[in-house]
Amino acid sequence: MALFRTVSWSEPPMLVEGASVLLRLPNMSDFAAWAALREQSREFLSPWEPTWPAYDLTRGSFRRRMRRYARDVREDAAYPFLVIRRADRVLLGGLSLSNVRRGVTQTASLGYWMGAPFAGQGYMSAAVRTLLPFAHGTLGLRRIEAACLPSNTPSMRLLEGAGFRREGYGREYLCIDGRWQDHVLYARLAGDPIARVPGFEGASLVPFKSADELSSDA
């Protein structure tokens with residue numbers, strides 16, 4: 001439906017670079033670090049995520065995930081990133097823009113997770129702020145939506161600090177931890193301000209060759 005797409009560009013960046021974090025498209029070489037951090041954070045993350053399949057942390061499942069990610073990026077459907085600490089290249093967590101809608105909507109949904117050892121240290125706040133120039137600028141998205149559980153006060157603070165505004169309340173909005181649960185609904189527009197943070201200087205983009213890099217073993 002190219003007729004209804006108003007933004008056109010060749011390839012997304014491989015890296016979105018912030019002052020303290022890097023956002024990088026994942027590939028198969030990330031499996032060991034990703035699986036280890038997810039396993040280490042299982043108890044911490046379970047209350048906030050859909051129930052994990054029994055095979056979720058296997059190499060085969062990760063390979064299928066990479067293939068899906070590569071397809072999503074090629075089709076301009078979603079953009080998954082790993083959150084990497086800039087100082088030592090340690091994997092911290094992940095975030096994504098998914099359900100990209102073009103045409104008269106120009107909207108995507110934001111999701112994120114942080115590994116238990118790194119929670120509460122400001123890394124995800126930095127990651128979301130780093131992502132915004134890519135989302136609103138490179139991708140040309142007018143609106144970014146997010147949802148979080150009413151009990152997830154840190155997530156609400158994070159979103160509000162990044163310029164998201166509370167727009168509503170979704171009853172039984174998502175199935176989280178095995179139960180359909182209500183969510184607080186947030187969104188931000190391209191022109192909405194962001195709270196100032198000392199030392200945060202925005203982000204820069206580093207291009208890469210092809211979305212196929214997501215599924216390579218390199």
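Just so you know, full-length UniProt numbering puts 182 at position 182 of the sequence shown, and the rest follows in order with no gaps.
Note that beta-carbon positions come from the ideal geometry of N, C-alpha and C, so glycine has one too.
Three-state secondary structure assigned by DSSP to residue i
i    : result
D30  : helix
S125 : helix
A195 : coil
T107 : strand
R188 : strand
A87  : coil
A119 : coil
Limits of the unbroken alpha helix (DSSP H) element including residue i
i           : result
residue 234 : Within the shown structure, residues of the chain are numbered from 1 to 218, placing residue 234 beyond reach of any answer.
Opposing strand residues paired with residue i [DSSP bridges]
i    : result
M114 : G93
L82  : R24, G94
R38  : Answer is none; R38 lacks a bridge partner.
H102 : According to the sequence provided, residue 102 is Arg. The question's His does not apply to it. Bridge partners of R102: none, in fact.
Continuous beta strand (DSSP E) stretch holding residue i: start and end
i   : result
R24 : 21-24
Residue-level contact to chain B via CB, residue i, 8 Å cutoff
i   : result
D56 : Of the protein chains in this structure there is only one, and it is not chain B.
Check: residue i C-beta below 7 Å from any heavy atom of the ligand SAM
i    : result
Y186 : As for the ligand SAM, it is missing from this structure, which has no ligand bound.
Segment contact flag, the segment 27-37 with the segment 145-154, C-beta cutoff 8 Å, min 3 pairs: With contact defined as three or more Cβ pairs closer than 8 Å, the segment 27-37 and the segment 145-154 are not in contact.
Complete alpha helix (DSSP H) runs within the segment 43-78 (minimum length 4 residues, chain order): Annotation note: the segment 43-78 contains the following uninterrupted alpha helix (DSSP H) runs of length 4 or greater, listed N- to C-terminal: 59-74.
Ranges of the beta strand (DSSP E) found wholly within the segment 145-183, counting only runs of at least 3: Runs found: 165-176.
The segment 127-146 touching the segment 101-113, judged by at least three CB pairs closer than 8 Å: Yes: at least three Cβ pairs fall under 8 Å.
Meets three-Cβ-pair contact criterion under 8 Å: the segment 51-63 and the segment 76-93: The answer is no - the segment 76-93 does not touch the segment 51-63, with fewer than three Cβ pairs under 8 Å.
Touching by the beta-carbon criterion (3+ pairs, under 8 Å), the segment 159-167 and the segment 175-191: Proximity of the segment 159-167 to the segment 175-191 meets the contact definition, three or more beta-carbon pairs being nearer than 8 Å.
Contact the segment 109-129 vs the segment 13-20: 3+ CB pairs below 8 Å: Because the criterion of three Cβ pairs below 8 Å is met, the segment 109-129 and the segment 13-20 touch.
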